[in-house]
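Working notes, beginning with the structure itself.
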Amino acid sequence: MEKVQLVQQEALQKIEACTTMDELQQAKVTYLGKKGPVQELMTLMKDLSPEEKPAFGQEVNVCKQAIAKAIEDKQQILEVSAMASKLEKEKIDITLPGYEPVLGTLHPLSVISQEIEDLFVGMGYDVSEGPEVELDLYNFERANIPADHPARDMQDTFFINAEELLRTHTTAIQTRELEKAQGKMPIKVICPGKVYRRDDDDATHSHQFTQVEGLVVGEGITLADLKGTLKFMADRMFGEGREIRFRPSYFQFTEPSVEVDVTCHICGGKGCSVCKGTGWIEILGAGMVHPNVLEMAGFDSKKCSGFAFGAGIERIAMLKYGIDDIRNFYINDVRFLKTFNRFD
Amino acid sequence: MKVSINWLKEYISLDGVSANELANALTTAGLEIEGVEPVAKGTNLVIGEVLSCVPHPDSDHLNVCMVEYGEGPTQIVCGAPNCTSGIKVIVAKVGAELPAITIKAAKVRGQESNGMLCSLRELGVNEKYLTEAQINGIEILPNDAPVGNTEVLKYLGYDDVVLDASQTPNRADCMAMWSVAKEVGAVLRREAKLPSYEGASKIGNPTTLKIISKSEKCPHFLGKIVGKVIVKESPKWMQDYLHAAGIRAINNVVDISNYVMLETGQPLHFYDLAKMPHKEITVIDDVDMKLTALDGIEYEVQKGDLLITTGGKATGIAGIMGGDDSKIDETTTGIIIEAAHFNHVSIRNTAKRLGLMTEAASRYIKGLEPLAQNKAVDRAVQLLIEYADASELEETVEAGCVNYSPIQVTETLEHCNELLGTTFKMDEVTEVLKALDFNPVVNGTSFTCTIPSYRTDIFIREDIDEEIIRLIGFDSLNKTLPKMEATAGKLTHRQALRRETKQVFTGLGMREVITYTLVKEQYMNDAVLPFGQHIQLASPMSEDRKYIRNSMMPSMLECLAYNQARKADNVNLFEISNVYEKDKVQERVGILLSDSLQENRLQKVDIKSDFFTLKGIVMSWLAKLGFASERIVIKENTLDTIHFHPYRSAEVYLQNDLIGIIGEVHPTYAKAMDVAPCVYAELNFDLLVNAKGTKVRFVPLDRYPSVSRDIALVVTVDTTAQSILDIIKKVGKRLIQSTEVFDVYQGEHVEKGCKSIALNIVYQATDHTLTDDEVVPLHQEILSELESKLNAKLRG
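See below:
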């Protein structure tokens with residue numbers, strides 16, 4: 001009996017002393033192998049009386065299990081430490097830069113256009129485009145711009161021939177939408193697009209630029225509805241909490257006509273260099289659709305009314321991002337384009 | 001229009017209203033005031049007398065003066081050449097704030113100086129209105145100037161403030177002081193009292209003057225001979241008002257013509273009677289000729305331009321500028337007055353072409369008040385008599401006539417409120433209309449306005465509504481939303497596909513660009529897939545922007561060249577734009593890749609911007625839009641080998657329809673466009689919008705195992721991968737689950753003129769597990785077919 005104790009004690013000590021899997025494997029073979037001390041103990045059985053055998057057998061078994069468990073435990077410990085040292089060798093310099101894929105960029109004019117489109121689509125508007133090579137009819141006549149109006153001069157408009165021109169405003173899309181509706185209401189449409197005017201390119205003028213206009217025609221549409229609608233737009237473009245104000249203005253397409261100012265997004269209305277100290281920034285022209293425009297498109301101006309508004313996308317982008325030269329939008333310097341690389 | 005506040009005060013009380021308050025009120029009501037500028041500035045000013053003026057001992061140009069201004073003699077050093085003892089001067093005392101400087105007590109070369117003697121320029125008076133002597137020297141006041149008077153600016157008539165008004169194009173009335181006074185009256189709800197000189201020009205002896213208009217563009221012309229005038233300086237107040245308005249005073253006669261124009265909005269022209277011996281004026285518009293105007297410059301007049309002629313000879317560009325040979329000067333002793341109506345379009349065209357946007361022209365262009373000619377002649381006659389000793393007046397001669405009857409507009413309270421979204425009451429509305437002198441007559445819930453002749457912008461009831469809201473104030477408007485049935489707003493299919501495209505491309509690392517639509521002729525010739533007759537502008541601004549582009553390739557290469565010239569690398573761009581030919585439009589997608597699409601040297605990532613990257617992007621994008629690779633056909637490019645590398649470019653088809661060309665930009669063209677090697681694709685987006693994309697549809701996941709086989713085939717170098725894949729698919733039919741080319745090799749161990757292509761074929765059935773009995777013979781059949789058709793041998 002004491003012998004069993006001795007074997008177990010010695011085995012456990014050896015196992016404990018193992019530092020590698022190989023040593024442990026060796027210890028396992030040594031103690032649990034066919035010629036090992038445990039097996040040797042079993043041979044002592046034959047010398048024992050039948051009464052002693054069960055107790056002895058049980059004792060040797062306990063010893064065997066204890067050794068096996070010790071080996072298993074040790075194995076786990078060694079495995080963990082082996083893994084730990086393996087991992088340690090795999091250490092990397094996490095401060096080295098990763099592979100940062102270039103994420104492309106939308107053109108800032110697309111960013112602003114899409115924001116406005118999405119806002120109005122959410123309010124139930126459709127998005128309409130229309131041809132850039134436009135007929136005089138839709139660009140001028142239907143927009144209530146008479147034949148002798150300065151805008152119809154060769155000086156201001158890129159004419160192609162007597163009837164065709166490059167559209168000078170996205171109002172041309174509106175006049176087409178009005179005609180297409182054939183008197184059917186309501187019309188709720190937002191009209192973005194490229195437009196062209198005979199201007200010399202400089203920091204604030206571009207012969208090509210982008211507009212977005214909106215048109216609503218229905219029964220009982222009011223100037224107050226226009227104000228409420230544009231408040232949404234001001235909030236969306238320049239951040240929540242903007243105030244807007246109307247100032248009287250003049251456009252052929254609308255009567256009454258207004259200029260729309262929004263409280264300066266830089267100073268919040270206190271006055272700064274961006275708003276020239278006024279606290280207000282002019283962003284839109286708008287008004288109630290002129291009855292002539294409605295009538296020309298086949299609507300009865302006594303039974304319906306509408307509002308229209310229009311903004312320059314470049315101007316909004318310039319204000320929003322602090323861009324000082326409109327030519328940037330068309331030069332497409334990648335350093336400029338990279339600016340618009342984040343959610344905003 | 002520059003509006004003098006002092007001048008306004010002649011008609012309306014501005015008590016208790018500062019210039020800035022007035023400016024704000026006018027701006028809010030629609031007459032935008034862009035500037036509020038005092039005519040002159042200066043504090044601590046006083047009128048003084050130079051008691052003595054002796055040369056400075058240490059200077060050859062300074063004088064040491066003793067000046068009295070009521071506080072005992074004060075020593076001031078003065079450098080003005082015209083300073084002398086005994087004159088009355090403007091003294092800026094110590095502490096005075098002038099536009100450019102603050103006056104301090106100082107020693108000038110050892111001599112004490114306690115103040116400054118001022119020139120008008122130093123008070124901020126515009127040099128334009130000063131004489132050479134006034135600019136170079138101090139202002140010498142009249143001998144009776146009250147010494148000690150501290151209201152110097154007022155004494156000088158320079159206590160005025162000028163509002164720089166920018167009226168909207170419809171408000172022609174705001175080009176006349178009388179109408180501006182009416183507008184100010186309406187805005188402030190104060191009465192503007194305008195003087196009336198009606199009938200002043202009725203006096204006159206029988207005349208021999210003849211006025212003839214041979215152009216319908218001159219429907220009305222009043223002429224009047226004033227036989228005797230005396231040309232001299234005009235009164236100071238008139239000069240001050242003219243200067244405030246930005247017009248230089250010249251002499252009483254010329255000044256009166258300008259002054260009346262500013263008052264009434266009606267341009268006047270005075271001809272020197274002695275230089276018009278025919279006593280005849282004929283307006284014509286049908287000659288080409290040269291004419292020297294009174295600015296001394298020769299102008300080329302052409303058919304269509306309105307001309308003033310006398311005795312068959314031109315003597316003025318009508319409505320714009322008089323001729324040099326009939327102009328008023330110091331020798332003038334009699335005049336002919338012209339007050340005419342010329343067509344605004346004609347004047348605009350002529351003035352723009354000649355670059356002569358004079359005060360007169362700009363008023364004609366905006367449109368005249370119908371009654372202005374008569375008002376102006378009345379006022380001119382009255383002023384000429386008073387300030388130019390006019391006599392020997394002859395009766396007024398009229399050519400044409402004025403067809404004017406007041407416009408009446410009727411509106412209802414209900415419609416007004418409905419349009420505006422307001423709840424105005426009748427008395428609120430009529431209060432505004434009365435302030436505007438619209439004389440509203442109420443009949444139940446409707447009201448009828450009679451529009452004053454100077455308000456040429458009011459025709460319809462909506463015009464009245466605008467007047468009401470702008471004068472009550474837009475702040476009274478609530479913010480509401482249209483009350484109507486709900487509509488489901490949406491993007492069109494085209495718009496949605498465009499957005500998807502932008503998302504795919506930006507996700508891959510490309511940048512969207514927007515380049516100009518207008519291009520030069522060379523770019524039209526360099527178009528990819530031109531599709532009709534070029535569109536040329538009738539009125540281009542330059543040769544560089546003369547055509548509406550029919551392709552994006554040249555513009556995008558220009559953009560790349562710009563960026564590469566600035567040392568940018570890995571420039572990968574796309575653009576979606578319409579391109580045009582006569583009566584045709586196409587929306588296209590352009591993709592331009594250079595260097596690498598993605599690159600990280602440390603992590604050994606380098607997606608080269610080459611043909612295959614471009615092709616892969618195009619295929620993935622097409623698949624995303626619903627056009628899987630099975631529907632796409634890639635063919636050798638035979639359509640454009642001038643702009644594309646003939647052996648590294650391809651035509652891309654959706655079944656039988658050409659989508660576009662992709663490939664390496666031809667090295668010669670790249671060089672011509674100043675760009676490094678790059679790949680480009682130009683694709684017809686319309687085609688994709690109009691074609692039916694394959695819809696998303698779930699196919700049950702594979703339930704049976706697949707069998708994968710790799711093979712390496714040796715084929716001649718000109719054997720295409722596609723021809724191999726086609727045979728595999730043709731033989732294998734539905735048991736081919738996928739094929740993949742994973743290597744192409746040419747070189748050692750491969751026969752010269754041949755290449756090795758390594759492929760993976762995956763066999764799979766959808767309804768059972770494939771057995772060797774099926775796969776082995778099929779695979780063998782494919783190999784033999786490849787050998788017989790393409791002479792492809794398995795690589796040993």
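Residue numbers (our numbering), protein chains in the order written: chain C, 1 to 344; chain D, 1 to 796. Think of the CB as a built atom: it goes at the ideal place given N, C-alpha and C, for glycine as much as any other residue.
Which one of D:301, D:370, D:701, D:687 has the shortest CA to CA distance from residue 497 of chain D?
-> Reading the second sequence from its first residue, position 497 is the one you call residue 497 of chain D. Checking every option, the nearest Cα to that of residue 497 of chain D belongs to D:687.
Quick one: residues in its chain with C-beta nearer than 6 Å to the C-beta of residue 284 of chain C, no 5 flanking neighbours on either side, listed in chain order?
-> Within the first sequence, the letter at position 284 stands for residue 284 of chain C. Around residue 284 of chain C: 260, 309, 311.
Under 8 Å between beta-carbons, which chain C residues line up against residue 697 of chain D? List them in chain order, please.
-> Taking the second sequence and counting its residues from 1, the one referred to as residue 697 of chain D is at position 697. By Cβ distance, chain C contributes nothing, its closest Cβ being about 28 Å from residue 697 of chain D, past 8 Å.
Proximity to residue 256 of chain D [Cα-Cα], best of D:245, D:136, D:291, D:270 = As a first step, residue 256 of chain D must be located in the second sequence, where it is residue number 256. For residue 256 of chain D, the nearest C-alpha among the options comes from D:270.
For residue 416 of chain D, name the three-state secondary structure that DSSP assigns.
-> In the second sequence, residue 416 of chain D corresponds to position 416, counting from 1. Three-state result, residue 416 of chain D: helix.
Residues near residue 504 of chain D by beta carbon distance below 6 Å, same chain, minus five either side | Taking the second sequence and counting its residues from 1, one reaches residue 504 of chain D at position 504. Same-chain partners within the cutoff: 621, 624.
Taking 9 Å as the cut-off, decide whether the C-beta atoms of residue 219 of chain D and residue 341 of chain D are in contact.
-> Against the second sequence, residue 219 of chain D aligns to sequence position 219. Against the second sequence, residue 341 of chain D aligns to sequence position 341. Yes, they are a contact pair.
So, is residue 178 of chain D buried or exposed, given that buried needs 16 or more other C-beta atoms within 10 angstroms?
-> As a first step, residue 178 of chain D must be located in the second sequence, where it is residue number 178. It is buried - the Cβ of residue 178 of chain D has at least 16 other Cβ atoms within 10 Å.
Given that residue 130 of chain C touches chain D, what residues does it touch there, using C-beta distances under 7 Å?
-> Within the first sequence, the letter at position 130 stands for residue 130 of chain C. Correct list: empty, because the minimum Cβ distance to chain D is about 10 Å.
Excluding five sequence neighbours on each side, which residues of the same chain lie with their C-beta closer than 7 Å to the C-beta of residue 34 of chain D?
-> The residue given as residue 34 of chain D occupies position 34 in the second sequence. 164, 166.
Give a yes or no on whether 9 Å exceeds the smallest Cβ distance from residue 505 of chain D to chain C.
-> For the purposes of this step, residue 505 of chain D is identified with residue 505 of the second sequence, where counting begins at 1. Output row for residue 505 of chain D: interface = yes.
By the criterion of Cβ-Cβ separation under 9 Å, what are the contact partners of residue 288 of chain C in chain D?
-> Reading the first sequence from its first residue, position 288 is the one you call residue 288 of chain C. What residue 288 of chain C touches in chain D: 419, 420, 462, 465, 466.
CA-CA distance, residue 766 of chain D and residue 704 of chain D?
-> For the purposes of this step, residue 766 of chain D is taken as residue 766 along the second sequence, with counting starting at 1. For the purposes of this step, residue 704 of chain D is taken as residue 704 along the second sequence, with counting starting at 1. Residue 766 of chain D and residue 704 of chain D: Cα-Cα distance of roughly 7 Å.
CA-CA distance, residue 245 of chain C and residue 475 of chain D?
-> Numbered from its first residue, the first sequence carries residue 245 of chain C at position 245. Numbered from its first residue, the second sequence carries residue 475 of chain D at position 475. Roughly 7 Å between the two C-alpha positions.
Using the beta-carbon count (16 or more within 10 Å), is residue 143 of chain D buried or exposed?
-> Translated into the one-based positions of the second sequence, residue 143 of chain D becomes position 143. It counts as exposed.
What three-state label does DSSP hand residue 764 of chain D in the structure shown?
-> Here the question's residue 764 of chain D lines up with position 764 in the second sequence. Reduced to three states, the DSSP call for residue 764 of chain D is coil.
Going by DSSP, which residues form a beta bridge with residue 370 of chain D?
-> To locate residue 370 of chain D, count along the second sequence from 1; it is residue 370. Its beta-bridge partners do not exist; DSSP assigns none.
In terms of DSSP beta bridges, what is residue 282 of chain D paired with?
-> Taking the second sequence and counting its residues from 1, one reaches residue 282 of chain D at position 282. Residue 282 of chain D pairs with D:212, D:309.
When DSSP labels each residue in this structure, what does residue 553 of chain D get in the three-state scheme?
-> Here residue 553 of chain D is taken as the residue at index 553 of the second sequence, counted from 1. Correct three-state label for residue 553 of chain D: helix.
If you follow the alpha helix (DSSP H) that residue 27 of chain C is part of, which residue opens it and which one closes it?
-> As a first step, residue 27 of chain C is located in the first sequence; it is residue number 27 there, counting from the start. It spans 21 to 32 - the alpha helix (DSSP H) in which residue 27 of chain C sits, taken as one unbroken run.
Going along chain D in order, which residues have a C-beta closer than 7 Å to the C-beta of residue 125 of chain C?
-> Counting from 1 along the first sequence, the entry for residue 125 of chain C is found at position 125. Within 7 Å Cβ-Cβ: 489.
Could you give the uninterrupted runs of the beta strand (DSSP E) lying entirely in the segment 550 to 622 of chain D, keeping only those of 3 residues or more?
-> 572 to 581, 584 to 594, 596 to 600, 605 to 608
Neighbour flag for residue 399 of chain D against chain C, beta carbons, 9 Å = Translated into the one-based positions of the second sequence, residue 399 of chain D becomes position 399. Chain C, which has no Cβ nearer than 9 Å to the Cβ of residue 399 of chain D, makes this no.
Proximity below 9 Å, CB of residue 736 of chain D to CB of residue 776 of chain D = Locating residue 736 of chain D in the second sequence gives position 736, where the first residue counts as 1. Locating residue 776 of chain D in the second sequence gives position 776, where the first residue counts as 1. No, these two residues do not count as a Cβ contact at 9 Å.
How would you call residue 813 of chain D, buried or exposed, if buried means at least 16 neighbouring beta carbons within 10 angstroms?
-> Here chain D has residues from 1 to 796 only, and residue 813 of chain D is not among them.
Measure the Cβ-Cβ separation of residue 226 of chain C and residue 258 of chain C and say whether it is below 9 Å.
-> Taking the first residue of the first sequence as 1, we reach residue 226 of chain C at position 226. Taking the first residue of the first sequence as 1, we reach residue 258 of chain C at position 258. In this structure, residue 258 of chain C lies closer than 9 Å to residue 226 of chain C by Cβ.
Name, please, each residue of chain D whose Cβ falls closer than 8 Å to the Cβ of residue 228 of chain C.
-> Within the first sequence, numbered from 1, the residue matching residue 228 of chain C stands at position 228. Result: 478, 479, 480, 481.
Quick one: which chain C residues come within Cβ less than 7 Å of residue 319 of chain D?
-> Position 319 of the second sequence holds residue 319 of chain D. Within 7 Å Cβ-Cβ: nothing; residue 319 of chain D doesn't reach chain C, min ~15 Å.
Closer than 9 Å to chain D by CB, residue 318 of chain C = As a working mapping, residue 318 of chain C is identified with position 318 in the first sequence. Cβ-Cβ to chain D under 9 Å: no for residue 318 of chain C.
Unbroken beta strand (DSSP E) runs of length 3 or more, entirely within the segment 145 to 186 of chain D: which are they?
-> 161 to 166
Reference residue 180 of chain C; option with closest CA among C:327, C:297, C:97 = To locate residue 180 of chain C, count along the first sequence from 1; it is residue 180. Here the closest residue by C-alpha is C:297.
Of all the CB atoms in chain D, is at least one closer than 9 Å to the CB of residue 253 of chain C?
-> Here the question's residue 253 of chain C lines up with position 253 in the first sequence. No, because no Cβ of chain D sits closer than 9 Å to the Cβ of residue 253 of chain C.
Output, in chain order, the set of chain A residues within a Cβ distance shorter than 8 Å of residue 517 of chain D.
-> No chain A appears in this structure, whose protein chains are C and D.
Skipping 5 residues on each side, what residues in its chain have a beta carbon closer than 8 Å to that of residue 423 of chain D?
-> Residue 423 of chain D sits at position 423 when you count from the first residue of the second sequence. Within the same chain, residue 423 of chain D has close Cβ partners 417.
Segment limits, alpha helix (DSSP H) that includes residue 228 of chain C | Locating residue 228 of chain C in the first sequence gives position 228, where the first residue counts as 1. Counting along the chain, the alpha helix (DSSP H) containing residue 228 of chain C begins and ends at 223 to 238.
In angstroms with no decimal places, state the Cα-to-Cα distance between residue 727 of chain D and residue 742 of chain D.
-> Locating residue 727 of chain D in the second sequence gives position 727, where the first residue counts as 1. Locating residue 742 of chain D in the second sequence gives position 742, where the first residue counts as 1. Looking at the two C-alpha atoms, the distance is approximately 17 Å.
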